[in-house]
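>
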Amino acid sequence: MSRKKKTLLIVFSIIFVIIGGGGGYMLYRAWPATWQRGPPSIDFPIHNSDVIHILGGYGYVPWGDDMHNGIDYGCNASVSIVAWCDLRVTGMKTWFNDGGGHWQTNVGLSYNWKYTFDCVFESWALNETYGNIQRAEIFVEVGQKNDKDNFQKETS
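The working numbering applies: residue 6 is where the sequence shown begins, and numbers increase by one.
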């Protein structure tokens with residue numbers, strides 16, 4: 006084999022390994038928690054329901070024109086939030102909610118290729134420091150698979 010062909014083979018092999026490794030990592034992060042095709046069977050995400058003082062569901066909301074498509078749990082004490090079905094963490098974002106005037110952390114979750122969830126922790130923190138304190142108490146990482154009843158977060 007000529008020197009030129011060997012060099013090309015080595016270069017393309019290195020490129021293939023880099024692309025394959027990066028692609029594998031991206032698949033790992035996006036891989037669903039389960040291969041079931043149907044909708045998930047969802048459990049209540051808070052074991053100690055005595056601390057819930059507000060429970061709000063689907064419907065029209067006073068703060069906008071859109072339908073509220075989630076369930077709100079207002080808790081008056083620290084709680085552990087558990088996975089309501091098998092889930093994989095697909096993203097985390099701490100940001101300032103201009104509409105609400107506070108910092109919050111959104112955790113993106115997927116059940117399978119069709120069903121995804123956003124778990125939103127609204128700390129009502131008025132500055133980034135306190136918003137980041139709350140985020141530090143969310144004990145999941147992007148790519149992590151959480152089996153039902155094993156998504157824990159202490160919140161105050």
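Ideal Cβ placement from N, Cα and C applies to all residues, glycine included.
Just to confirm my understanding: we take V56, look at its own chain, exclude 5 residues before and 5 after, and list those with CB closer than 7 Å. What are they?
Position 51 of the sequence shown, counted from the start, is the residue given in the question as residue 56. Hits under 7 Å: C80, N81, A82 and V84.
> Assuming I51 and D77 are in contact, meaning their beta carbons sit under 8 Å apart, how far apart are those beta carbons, in whole angstroms?
Indexing the sequence shown from 1 puts residue 51 at position 46. Indexing the sequence shown from 1 puts residue 77 at position 72. The pair is not a contact, with the Cβ atoms about 12 Å apart (cut-off 8 Å).
> Give the DSSP-derived three-state secondary structure of N111 in the structure shown.
Taking the first residue of the sequence shown as position 1, residue 111 is located at position 106. DSSP places N111 in strand when its eight states are reduced to three.
> How many whole angstroms separate the CB atoms of N111 and V125, which I take to be in contact at a CB cut-off of 8 Å?
Position 106 of the sequence shown holds residue 111. Position 120 of the sequence shown holds residue 125. Right, the Cβ-Cβ distance comes to about 5 Å (below 8 Å), so this counts as a contact.
> So, does the CB of N102 fall closer than 7 Å to a CB anywhere in chain C?
Included in the structure is just one protein chain, with no chain C present.
> Taking the C-alpha atoms as reference points, what is the distance between Y65 and H107?
On the sequence shown, position 60 is the one that residue 65 refers to. On the sequence shown, position 102 is the one that residue 107 refers to. Each residue's Cα considered, the two are about 21 Å apart.
> Buried or exposed for T134, please, with buried defined as at least 16 other CB atoms from any protein chain shown within 10 angstroms of its CB.
Residue 134 sits at position 129 when you count from the first residue of the sequence shown. Burial call: exposed.
> Does the beta-carbon of A211 have 16 or more other beta-carbons within 10 angstroms, so that it is buried, or is it exposed?
No statement about residue 211 is possible, as the shown extent of the chain runs from 6 to 161 and does not include it.
> Going by beta carbon distance, what residues of the same chain come within less than 8 Å of V147, once the five residues before and after it are set aside?
What you label residue 147 is simply residue 142 of the sequence shown in a count that begins at 1. Contacts found: R34, V94, T95, G96 and M97.
> Quick check on this structure: which residue in F21, A88 and S18 has the alpha carbon closest to the alpha carbon of F122?
As a first step, residue 122 is located in the sequence shown; it is residue number 117 there, counting from the start. Looking at the Cα atoms, A88 is the closest of the given residues.
> If you follow the beta strand (DSSP E) that Y78 is part of, which residue opens it and which one closes it?
Position 73 of the sequence shown, counting from 1, holds the residue named residue 78. Note, Y78: beta strand (DSSP E), D77 to C80.
> Can you tell me whether S161 is buried or exposed? The criterion is at least 16 other CB atoms within 10 Å of its CB, across all chains shown.
Stepping through the sequence shown from its first residue, residue 161 is reached at position 156. For S161, the pLDDT reaches just 42, beneath the cut-off of 50, and the residue's location in the model is therefore unreliable, leaving the point undetermined.
> Assuming S53 contacts Y63 (C-beta within less than 8 Å), just tell me the rounded distance between them.
On the sequence shown, residue 53 is found 48 positions in, with the first residue counted as 1. On the sequence shown, residue 63 is found 58 positions in, with the first residue counted as 1. The question names Ser, but residue 53 is Asn in the sequence shown. About 24 Å; that fails the 8 Å criterion.
> Sort P44, S7 and F17 by Cα distance to K119 and report the nearest one.
As a position in the sequence shown, residue 119 is number 114, starting the count at 1. Of the candidates P44, S7 and F17, the one whose C-alpha sits nearest the C-alpha of K119 is P44.
> Since T121 is in the beta strand (DSSP E), which residue starts that stretch and which ends it?
Working through the sequence shown from its first residue, we reach residue 121 at position 116. T121 to A130 is the extent of the beta strand (DSSP E) around T121.
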